[in-house]
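Protein chains in written order, with the numbering used here: chain A, 1476 to 1693; chain B, 1476 to 1693; chain C, 1476 to 1693; chain D, 1476 to 1693. The beta-carbon is built from N, C-alpha and C at its ideal position, and this holds for glycine as well. Worksheet: one structure, shown below.
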């Protein structure tokens, strides 16, 4: 699984987000790989209406129906066409109680959940809350261009071991600094089910070529 | 101006949000009043594609293009069809530095801005940042059913005076507990340019009837 | 163990905090029970200089030495005489990554740690981070006067079971609504090692009498 | 006025904070300059008991007496011996509503207030809330070693002008990158009443010598 986090880059906002999503759809179909696009909340509806690969939200708050102005609910992103979401990304960390509440709300709404973590202990804490996936991303490597699979393979294998000991069916992804086919390959060899990536593809001079180069790592 | 905050109520999420927006559009046209719908971020695109009254966001973060996963940018809500936004609603308070940064981002994106405040001093602080509107809403009255125009008219007139002394062209709205025509009338008589309201309409047994009753106050 | 959280009540700030701590010390010695006082950060040094029972902080941030103006570090509360701390109290919830970082900092500083949680899943997530204690406090019962041991015994026994399955040596406390001897007794019978309490004692007309009535429950 | 922010540096925590405060007291007396020490909350009581120069807190929350575990109240830092406080430092930004509530609580407790800001618009917003001082500190220069008075004199003069237009009796300080006598001199020449500084003195190989070098700028 390749989850492409659009963050709030200009190259992946609004019409550019739609264009990039269509590239992802094309590469996904052509190479037979599972690519998930993760656009901003406001872009979910436009993209989900136009492409048929999975669209995930970047964040869901731990609140439901009610007086929660300005919050992102599981029900709203589901209604807009998302089929899953990141929770607790390093750029949008949540309180422990809110991660748990968000997971409950997402499960009720039928969203697949990826809880992001920063080290092995927080990976373990996330895993006991039984999300669908945990994504380990050491914050110091995010956007660094240095792949976590090379810079810190132990945090990846440590996370895989920790999660599998807690719950066999919680998947593990890794992220931070990943952009090339060899990084993806290394991540899978370390025992993960896939990767979370962003700038390496989104800021590439040729997004499609970068994505193709990535998937050839499989 | 009547701004209807959809919050995250079930009666104003997804398809229900679209239905309510169409009611607002109808009443707006029929009675010649300016009604603005303020749905959740994920619902903006669907609604703006289907109705022609203004759609505002509930919240915009003080960040721009870049590595800000899970944040709501001015550019993204603008691309989705919003023409304005609330900032610093009592259910989504922002740091002072972020209110300022959000206002700069919204101005660049061409969004009309309504900064929400809780008392006269914070109204004054918001006004010097020169948003298009300040909306005073005493938090203890929000969702109370007791209209601010009756319960605390001084905070409304105090806000109007304070704002007009700072900048003539910053508009003043008021909110909290408003649902009836007489409340709207009272708010305008206190010197405001309009109201911000939510549960009184959204949770009404008949939303259209409640909205019609409201606008007859004009 | 009885941990008395002083919160920011007037009856437990500054000189009043010192007076209450001396009452706790007296009752602790007289009845041979382990009472811990948990005053505001600014009161720790005064109290630890004057009483010999343990003094805990109410909160420690997940940061260490450096540019963290306005944060509470483990090193600073340790230097002021604290021997332990609450982390993630329901009135001061932390991000998951900060709970973990706070625990690491507290361990380095030699502080005993009590991580507060709101339900069984978050208790489990806290337990895998291996604090000295987890304190389960359903937020809706805090300050209610209805003891958790009566209102929701299942959340207490569920927490004890969950923690003991994860790590035998992590203790379990419970809190919320506890003020009487029978509540304390019930909490211990449900398998906890003690209680966390506040308003029931602090706001009592006679703090000493209330504390004595509590400990007779043992 | 020279306000020395101790942040959470090892060189200014616990006993080291006391030692540094005594150096400040000595230099203050010797050179006849007003030096204020701004230690961590837990260190206030120890320092205020031992030195006679003003001790300020680094942060006060916008809450009063009540159920606010882990928060820093104006009453508690006052009781511990503080005579003033920073509010909204760039490393501890507050929501607008909380800045206002903190100012009200500090005024009631008799604390002198310094609200920190990041640019001219937020300086203006802080000034209308009528603190005793506003301290402008461009965040990108904090800890940089490049003094704001050289790198961005316009933000300083712009802040002084903006504040004086709003309220003559609100003082202006500046900070960020200041460590030398010439920086202090430049800051005063730009119209400020003093400076806020930290690492330039605290991390100096010889704190006393660095402080003496600073005050000779007067």
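Check: With a Cβ-Cβ cutoff of 8 angstroms, do residue 1485 of chain D and residue 1540 of chain C count as a contact?
Finding: yes
Next item on the list: Determine the direct distance from the alpha carbon of residue 1478 of chain C to that of residue 1481 of chain A, and round the result to whole angstroms.
Entry: 47 angstroms
Note to self: So within the segment 1656-1692 of chain C, which uninterrupted beta strand (DSSP E) runs reach at least 3 residues, ignoring any that extend past its ends?
What the structure shows: 1669-1672
Item checked: Cβ neighbours of residue 1676 of chain C in the same chain (closer than 8 angstroms, five flanking residues each side left out) -> Only 1479, 1654, 1682, 1685, 1686 and 1689 meet the Cβ criterion.
Check: Would a C-beta distance cut-off of 8 angstroms place residue 1535 of chain C and residue 1577 of chain C closer than the cut-off?
Finding: yes
Checklist line | Backbone CA spacing between residue 1670 of chain A and residue 1634 of chain A [nearest angstrom] | finding: Straight across, the Cα-Cα distance linking residue 1670 of chain A with residue 1634 of chain A is about 14 angstroms.
Check: Rounded to the nearest angstrom, how far is the Cβ of residue 1523 of chain B from that of residue 1515 of chain A, given a contact under 8 angstroms?
Finding: Between residue 1515 of chain A and residue 1523 of chain B the Cβ distance is about 15 angstroms, and since that is not below 8 angstroms, they are no contact.
Check: Using the rule of at least 16 other Cβ atoms within 10 Å of the residue's Cβ for burial, across every protein chain shown, is residue 1620 of chain D buried or exposed?
Finding: exposed
Check: Within the 8 angstroms Cβ cut-off, does residue 1643 of chain D reach chain C?
Finding: no
Check: For the putative contact between residue 1518 of chain C and residue 1492 of chain C, defined by C-beta atoms under 8 angstroms, what is the C-beta separation to the nearest angstrom?
Finding: Indeed they touch by this definition, with Cβ atoms about 5 angstroms apart.
Check: Going by the CB atoms, is the gap between residue 1600 of chain C and residue 1600 of chain A shorter than 8 angstroms?
Finding: yes
Next item on the list: Report yes or no: is there a C-beta of chain D within less than 8 angstroms of the C-beta of residue 1673 of chain B?
Entry: no
Next item on the list: Would you list the residues sitting across from residue 1532 of chain A in a DSSP beta bridge?
Entry: In the DSSP assignment, residue 1532 of chain A forms a beta bridge with A/1560.
Check: For chain C, is any of its Cβ atoms less than 8 angstroms away from the one on residue 1584 of chain D?
Finding: no
Note to self: Which of the three DSSP states is assigned to residue 1598 of chain B in this structure?
What the structure shows: helix
Check: Is it buried or exposed for residue 1680 of chain D, if we count other Cβ within 10 angstroms and need 16 for buried?
Finding: exposed
Margin query: Please identify the residue among C/1587, C/1563, C/1693 and C/1617 whose C-alpha is closest to the C-alpha of residue 1651 of chain C.
Written below: With distances taken between CA atoms, residue 1651 of chain C lies nearest to C/1617 out of C/1587, C/1563, C/1693 and C/1617.
Next item on the list: Find the nearest neighbour of residue 1614 of chain C within the set C/1598, C/1592 and C/1659, judged by alpha-carbon distance.
Entry: Looking at the Cα atoms, C/1592 is the closest of the given residues.
Item checked: Buried versus exposed, by CB contacts within 10 Å (16 or more), residue 1563 of chain B -> Flag for residue 1563 of chain B reads buried.
Checklist line | Per DSSP, cross-strand counterpart(s) of residue 1608 of chain A | finding: Residue pairing of residue 1608 of chain A in beta bridges, as defined by DSSP: A/1589 and A/1646.
Margin query: My output table needs one value for residue 1510 of chain D: the three-state DSSP class, helix, strand or coil.
Written below: strand
Check: Hey, would you say residue 1549 of chain D sits closer than 8 angstroms to residue 1586 of chain D, going by beta carbons?
Finding: yes
Notebook entry, point to check: Of all the residues that make up the segment 1555-1578 of chain D, which are near chain B by a beta-carbon distance shorter than 7 angstroms?
Noted result: Cβ contacts with chain B: 1563, 1568, 1569, 1570, 1571, 1572, 1574 and 1575.
Notebook entry, point to check: For residue 1512 of chain B versus residue 1499 of chain B, is the C-beta distance shorter than 8 angstroms?
Noted result: Against a cut-off of 8 angstroms, the Cβ pair of residue 1499 of chain B and residue 1512 of chain B comes out as a contact.
Check: Going by beta carbon distance, what residues of the same chain come within less than 6 angstroms of residue 1658 of chain D, once the five residues before and after it are set aside?
Finding: 1622 and 1624
Margin query: If the criterion is Cβ atoms closer than 8 angstroms, does the pair residue 1608 of chain A and residue 1547 of chain A meet it?
Written below: no
Next item on the list: Taking only beta carbons into account, state which residues of the segment 1516-1530 of chain C come closer than 9 angstroms to chain D, listed in chain order.
Entry: Within the segment 1516-1530 of chain C, contact with chain D at the beta-carbon level (separation under 9 angstroms) is assigned to 1516, 1517, 1518, 1519, 1520, 1521 and 1524.
Check: Taking 8 angstroms as the CB-CB limit, is residue 1543 of chain A close to chain B?
Finding: yes
Next item on the list: Determine whether the Cβ of residue 1587 of chain C lies closer than 8 angstroms to any Cβ atom of chain D.
Entry: no
Checklist line | Separation of residue 1501 of chain C from residue 1637 of chain B, as counted between CA atoms | finding: 55 angstroms
Notebook entry, point to check: Under 9 angstroms Cβ-Cβ, which residues of chain B neighbour residue 1548 of chain A?
Noted result: 1483, 1488, 1515 and 1517
Next item on the list: State the DSSP-derived secondary structure class of residue 1482 of chain A, mapped to helix, strand or coil.
Entry: coil
Check: With 16 as the cutoff for other CB atoms within 10 Å, does residue 1565 of chain A come out buried or exposed?
Finding: buried
Check: Taking all protein chains shown into account, do 16 or more other C-beta atoms lie within 10 angstroms of the C-beta of residue 1505 of chain D, making it buried, or fewer, making it exposed?
Finding: exposed
Notebook entry, point to check: Which residue comes first and which comes last in the alpha helix (DSSP H) that contains residue 1651 of chain D?
Noted result: Neither: residue 1651 of chain D is in no alpha helix (DSSP H) and is coded neither H nor E.
Check: Which residues, taken in chain order from the segment 1595-1610 of chain D, show a beta carbon closer than 9 angstroms to some beta carbon of chain B?
Finding: 1596, 1597, 1599, 1600, 1601, 1602, 1603, 1604 and 1605
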